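Using my numbering, read the sequence shown as starting at 218 and increasing by one per residue. We put the beta carbon where it would ideally sit given N, CA and C, even for glycine. Quick caveat: nothing in here was measured; it's all calculated off a predicted structure. Input: a single structure, listed below in structure tokens.
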Amino acid sequence: MQTKEVIQNHTPRHHFHTFDALRFFACFKVFLHHLPIVAFPWFDVLRKGGGIGVQFFFVLSGFLITYIIYEEKERTGTLNLKHFFARRVLRIWPLFYLAIFIAFITPYLLSIIHLNSSAAGYEPNWLVSALFLENYKMIITHDVPNASPLGVMWSLCIEEHFYIVWGLLLYFINIKSLPKLIASCLILSVLARVYFVNHGLSTSELLTNIDLFAYGAIPAYLLLNHKERLLNVVNKISIRTKRLYATAMLIAVVLFSQLQGDAPFVWATCVLGVLFAVLIIFTLPDNTMFRIGEGSMLSKLGLYTYGFYIYHTLVINLLNRVFEKLDWDIDTVLWAVVFVSVSFALSIGISMLSYHLFEKQFLKLKRYFR
């Protein structure tokens, strides 16, 4: 009886078209970045800047989390923090902890099939990993863990820290005060990046990235408070102009990807945050031509981006060792094509299996925390 009541009282959340496809594009950028193919200058241009894909995820998370929280506050008068955190836990934790388990057993599995594990990087600590502190360990050691996929977990740590901080802040403040919070985050984050860069520290923690989430919160605030005006303005912009903007943004992403070190990203992050926020705004109208349909292959692949992000480094590192053992040179055109194709296909295939057989079983439980 209780289950039926929960399901009947559940109000379906708004699904934003095109977001799944955009997630896939961002994740594919990260995938390209981790491919160990460096012999082709044109490809090297494309594979650089995987961190920009992560930055887009942060902006998108800022939009979605802000929208979800304030939509609930407008509808119910408050935010159920327990339910909010429970939904985040069910989405992030199962695969996160599975990935940690895989990372710690990988060296033993590799030894069984007579492949060497990487010695580069620091020895991971299971408690640090389990407590979402891997990013701080990376900052302190100026290094990365020597077990996949822990090397990409820093962004998930930042996401988890954001959920906690943003959830608590938005629980207490009124939506009318959100612009002040956003402005404070924009200023604070730039100052933090300047400090971190000047002291030779990696900017892989929340404070130096909080402005990206705040940029995402801007279109969420506008959609919640000035919906008709916002959508009218967006609809008046021609599809040609929007496509030109998308092209210019892609060019900017490629150019910014070639920047070296953390110093340029003190200002480049601000530019990218604005570009990504505007892109989100362009996709908001339901009737816009600037959209990628739910039935498209890109949108369908976007459903598996969390697993794709986690598993692709495992697949790439494993295949790299296999190719080395078989003396197949991935810096030749033929073997490079084979390596990229097999890496992508395996990463997507494993992600699909993981989603339907593992992750989805936990996601079904989210209906009890609406």
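Whole-number beta carbon distance between LEU448 and LEU501, since they are thought to touch under 8 Å: 7 Å
C-alpha gap between ARG538 and LEU385, whole angstroms: 45 Å
Nearest-angstrom Cα separation, counted from SER372 out to THR358: 17 Å
Distance between ARG304 and ALA434 (C-alpha atoms, nearest Å): 19 Å
DSSP beta-bridge partners of TYR339: PRO362
Inter-stretch contact (C-beta, 8 Å, three-pair minimum) for the segment 308 to 316 and the segment 260 to 267: no
TYR380, enclosing alpha helix (DSSP H) - first and last residue: 370 to 389
Beta-carbon proximity check, ASN363 vs GLY338, cutoff 7 Å: yes
Through-space distance from VAL532 to LEU326, alpha-carbon basis: 14 Å
Same chain, Cβ closer than 6 Å to PRO436, five either side skipped, listed in chain order: PHE280, ALA494, ILE497, ILE498
Simplified DSSP assignment, three categories, for ILE285: helix
N- and C-terminal bounds of the alpha helix (DSSP H) containing THR434: Looking at the sequence shown, residue 434 is not Thr but Ala. Where ALA434 is concerned, the enclosing alpha helix (DSSP H) stretches over 427 to 442.
Nearest-angstrom Cα separation, counted from PHE273 out to LEU489: 8 Å
Cβ pair SER560, GLY524 closer than 7 Å: no
Own chain, CB closer than 8 Å to VAL271, minus 5 neighbours either side, in chain order: ALA243, VAL247, SER372
Assigned exposure category for PHE589 - 16 Cβ within 10 Å defines buried: Nothing can be reported for residue 589: it is not among the residues displayed for the chain, which extend from 218 to 587.
C-beta atoms of PHE579 and LEU252 nearer than 7 Å: no
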